[in-house]
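Below: the structure, in structure tokens.
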DNA sequence: ATCGCCTGTGTAATCGATTCCACGAGGAGG
DNA sequence: CCTCCTCGTGGAATCGATTACACAGGCGAT
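Residue numbers (this note's numbering), protein chains in the order written: chain L, 1 to 338; chain H, 1001 to 1338.
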């Protein structure tokens, strides 16, 4: 593969001049410019990003470590992150943690070794020493969706509190009183916050959230199934199951289906994180929708601000409730066929 | 960030010796080894992958350019690719083409600039000059899922022919005679092959595939909706719609639903590419399932073979039919409630 | 005519690693 | 005792870019 020296030789100029043309430095003669450009074209030369990064100490690359690529929420997030980064002149390298702290660490480490300019993380756990050190050590970093307390890192996330209130109001209005939740891992902020928001919203109606009605999941489908089976085995099973993410909702649906029960007639189901597929499930699932694209874009902007020396700001965007049929009577607009 | 020089100074040795310890070169004294390791630990030193790549001319990184991250098929593929690559000591950088040739080129170009060791591509089109040049120019490359004719690049893909035959047999057995297909872009191999396989399978039953029953889609949901509306507007609409990918099947389902029609009673639906969500749609969708994980792993192995000087082999794995309820009477095993 | 400045160019240092080559010490064999 | 190896180590070149610095030539001002 041709290097800058080959181009210089071909153009009959020094590598310095070639470099200047390529980085359009002002003081280059028109003559030199055309000669270099011609040489570049005939050789099919492309600058070596590795060498350039070594010299300039910047890679124009962002790392994104997400918890689970198979979760449509995160893939949409990844897509919007890449889009915004590209618009700002950066590339993105995605690392998938699969909800495993060890894998998360693996990706953070290799990303750091590659000297990425900044890191976007949706932490799977409370934060390994590695990640904490990186954050404190000055690596530009922004948390997205999930975050870690006690580190001075901007957070870009959605606030589901009012949407969860709306959900509980909706459920209460439908006559449901025994409401259960499948929680996410307590090590994640989203795992805890969603339960807290749910409990608070229930409290407003004087409804308690007993331990038996809070199951511990891990944001994966299988745990949703397991927890839901536990709920159904209870002497007095809940009337509603609220899953703290879409994958666990899917598992819950499986478990309910396996018992020959029907949604919403026998038991209602709702989920946090809306995804396109929820429109097409049987029945369509009521969900709290995050502004995923906006989240990804805001996170990139915050990170790039940090990288380029501006002061990044944390951002919190509201989530909203999308009512479908999985909790009972359809919303008025859909009632063409009662 | 500490460099190898700092480690050398801390250990009171030369950079050469430090480097040898780090790459466990045989001729290093035990004494030197422990001193270096101690220095590495106190400084928290991590080798700079950029510098190392520049010197060794290898990045231990694979590029993966996929057509659409939002398609669960491709995200599963990406996951298995990353997994196998990691097992073999490589990292993966994913580029999402969003079914756009210009974006595909953008990603190929930046991956090449980064001097990745090899490229895995599922081409969105017939192949841009850039990609063709790279292939011919000696960049290790393997096509996965889709491929391009006339280039000497190994292909790892699934053969859907017999599964499509099974599908047509299933449909024919259910009494369907007017079968339509939503094709993928003619510029992609999968776009063409799936139509060809379908037409061939129909021919075996003496059923033609008229032009009116072959709609042109682009592998995205919206095109599935549009084409299906066209089918439904026909004086004699088809009894079955077969979508050449899962996203277009989703669009088709939308269009059918919007007319107030029911699947499978009013019209049957089947799809190429099975995904977990198809179990939960209303009704569950009959689909041709690819061995996605195996495909990703085989592709990585072929690419790494090529990179490390062995001779890579093309691989074709069989797809299989998964019958659910979207085409009519459920399979016998599921018939608990007739 | 001289000075200084501006423009365009080249030489060489530099980034952080790897690795070839040279060298000194020590041991084995004659 | 001398020679020859082997082993462990360090010096320095190298990868492909960027960029500080030096410098030559031209031009305007004095």
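Even for Gly, the Cβ is constructed at its ideal location relative to N, Cα and C.
Nothing here was measured: the structure is a model prediction, and the numbers come from that model.
Would you grab the beta carbon distance between residue i and residue j for me? Rounded to a whole angstrom, and I think it's under 8 Å.
i                       : j                       : result
residue 252 of chain L  : residue 269 of chain L  : 6 Å
residue 250 of chain L  : residue 221 of chain L  : 5 Å
residue 108 of chain L  : residue 131 of chain L  : 5 Å
residue 198 of chain L  : residue 215 of chain L  : Contact doesn't hold; Cβ gap of about 12 Å is too wide.
residue 272 of chain L  : residue 287 of chain L  : 7 Å
residue 227 of chain L  : residue 88 of chain L   : Not quite, the Cβ-Cβ distance comes to about 41 Å (not below 8 Å), so this is no contact.
residue 1163 of chain H : residue 1320 of chain H : 5 Å
residue 1180 of chain H : residue 1240 of chain H : 7 Å
residue 1274 of chain H : residue 1315 of chain H : At roughly 20 Å, the Cβ-Cβ gap does not stay under 8 Å, so residue 1274 of chain H and residue 1315 of chain H are not in contact.
residue 93 of chain L   : residue 1093 of chain H : 5 Å
residue 1282 of chain H : residue 46 of chain L   : Going by Cβ atoms, the distance from residue 1282 of chain H to residue 46 of chain L rounds to 50 Å, so no, they are not a contact pair.
residue 152 of chain L  : residue 128 of chain L  : The Cβ separation is near 17 Å, so there is no contact.
residue 59 of chain L   : residue 36 of chain L   : No, residue 59 of chain L and residue 36 of chain L are not in contact; Cβ-Cβ is about 25 Å, not under 8 Å.
residue 159 of chain L  : residue 318 of chain L  : 6 Å
Between which two residues does the beta strand (DSSP E) containing residue i stretch?
i                       : result
residue 256 of chain L  : Where residue 256 of chain L is concerned, there is no enclosing beta strand (DSSP E), although the alpha helix (DSSP H) it sits in stretches over 246–258.
residue 110 of chain L  : Counting along the chain, residue 110 of chain L falls outside any beta strand (DSSP E), though it belongs to the alpha helix (DSSP H) covering 101–113.
residue 993 of chain H  : Outside the displayed range of chain H (1001 to 1338) lies residue 993 of chain H, so it cannot be described from this structure.
residue 63 of chain L   : 61–66
residue 1231 of chain H : Where residue 1231 of chain H is concerned, there is no enclosing beta strand (DSSP E), although the alpha helix (DSSP H) it sits in stretches over 1221–1233.
residue 120 of chain L  : 118–121
residue 179 of chain L  : 179–183
residue 1326 of chain H : Note, residue 1326 of chain H: premise wrong, no beta strand (DSSP E); not H, not E.
residue 92 of chain L   : 91–96
residue 144 of chain L  : 141–144
residue 1215 of chain H : 1214–1216
Locate the alpha helix (DSSP H) running through residue i, then write down its first and last residues.
i                       : result
residue 1018 of chain H : 1015–1022
residue 1081 of chain H : 1072–1087
residue 1004 of chain H : 1004–1011
residue 190 of chain L  : 189–203
residue 53 of chain L   : 49–56
residue 1243 of chain H : Segment 1240–1243 is the beta strand (DSSP E) holding residue 1243 of chain H; no alpha helix (DSSP H) there.
residue 1131 of chain H : 1129–1136
The segment 302–316 of chain L touching the segment 271–278 of chain L, judged by at least three CB pairs closer than 8 Å:
no
Tell me, please, whether the segment 202–213 of chain L touches the segment 160–178 of chain L by the rule of three or more beta-carbon pairs shorter than 8 Å.
yes
Does the segment 1281–1299 of chain H touch the segment 1067–1081 of chain H, meaning 3 or more C-beta pairs lie closer than 8 Å?
yes
Unbroken stretches of the beta strand (DSSP E), 3 residues or longer, contained in the segment 146–172 of chain L
155–159
For the segment 1111–1131 of chain H against the segment 1146–1153 of chain H, do three or more pairs of beta-carbon atoms, one drawn from each stretch, fall closer than 8 Å, so that the two count as touching?
A contact exists between the segment 1111–1131 of chain H and the segment 1146–1153 of chain H.
At 3 residues or longer, what runs of the beta strand (DSSP E) sit wholly inside the segment 255–320 of chain L?
268–272, 286–289, 315–318
By the 7 Å beta-carbon criterion, what residues does the segment 92–123 of chain L contribute toward chain H?
Listed by position along the chain: 93, 94, 96, 110, 112, 113, 114, 115.
Three Cβ pairs or more, each shorter than 8 Å: is that satisfied between the segment 60–74 of chain L and the segment 18–27 of chain L?
no
Would you list, in chain order, the members of the segment 28–52 of chain L that have their beta-carbon closer than 8 Å to a beta-carbon of chain H?
44, 46, 47, 48, 49, 50, 51
For the pair the segment 1184–1202 of chain H and the segment 1236–1248 of chain H, tell me if three or more CB-CB distances fall below 8 Å.
yes
Evaluate contact between the segment 36–50 of chain L and the segment 2–9 of chain L, counting only Cβ atoms and requiring at least three cross-stretch pairs below 8 Å.
yes
Interfacial residues, the segment 1063–1076 of chain H to chain L, with Cβ spacing under 8 Å
1069, 1070, 1072, 1075, 1076
Check each residue of the segment 238–268 of chain L: if its Cβ is closer than 7 Å to any Cβ of chain H, include it; give the result in chain order.
250, 253
Between the segment 1044–1062 of chain H and the segment 1097–1108 of chain H, can you find at least three pairs of beta-carbon atoms closer than 8 Å?
no
The segment 76–91 of chain L: which residues have C-beta closer than 8 Å to a C-beta of chain H, in chain order?
76, 78, 79, 82, 86, 91
Using Cβ-Cβ distances below 8 Å, what residues of the segment 164–192 of chain L are close to chain H?
Shown here is that no member of the segment 164–192 of chain L has a Cβ falling below 8 Å from a Cβ of chain H.
Using a Cβ cut-off of 8 Å, which residues of the segment 9–28 of chain L contact any Cβ in chain H, in chain order?
none
Taking any Cβ of chain L, which residues in the segment 1286–1319 of chain H have a Cβ under 9 Å from it, in chain order?
Taken residue by residue, none of the segment 1286–1319 of chain H has a beta-carbon sitting less than 9 Å from a beta-carbon on chain L.
Beta carbons nearer than 9 Å to chain H: which residues of the segment 215–230 of chain L have them?
221
Could you list the residues in the segment 1196–1209 of chain H with a C-beta less than 9 Å from some C-beta on chain L, going in chain order?
none
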